[in-house]
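Please read the structure below before turning to the comments.
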Amino acid sequence: MQQEPIQERDFDGLEREAVYLVTSSDQPPIWALADIGRELETTDPDALVRPLVHAGLLNRTSENYVFATPAAFKWVKLVGHVV
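The opening residue of the sequence shown carries number 34 in my numbering; numbering runs sequentially from there.
In structure tokens:
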């Protein structure tokens, strides 16, 4: 019997969703990492946020909160919210 391949979520897609989440005007401006994990249904929100922080799209506080940078808002404005 063949095993079905495990469906993995698109990591780039999750990163886009995270940026859209923290730049959304109907959401709070600052997010706890745990809340991002719950909202995007990922078990490792730190691994999701880390590349976005290094890319300059998110800032991270010492208490594990993140918020969007002006570059993130500009990126969303340029690309639009396309999922």
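Note that beta-carbon positions come from the ideal geometry of N, C-alpha and C, so glycine has one too.
Label residue i either buried or exposed according to how many other C-beta atoms from any shown protein chain fall within 10 Å of its C-beta, with 16 as the threshold for buried.
i, result
"A51", "buried"
"E96", "exposed"
"T94", "exposed"
"V112", "exposed"
Any idea which residues DSSP pairs residue i with across the strands?
i, result
"R93", "V99"
"W64", "V99"
Between residue i and residue j, is the Cβ-Cβ spacing less than 8 Å?
i, j, result
"E48", "P84", "yes"
"F100", "I63", "yes"
"P78", "L91", "no"
Quick check: what's the CA-CA separation for residue i versus residue j?
i, j, result
"K107", "Y53", "11 Å"
"G89", "T56", "14 Å"
"G46", "T76", "15 Å"
"P61", "A80", "21 Å"
"D59", "L73", "16 Å"
"A105", "V86", "10 Å"
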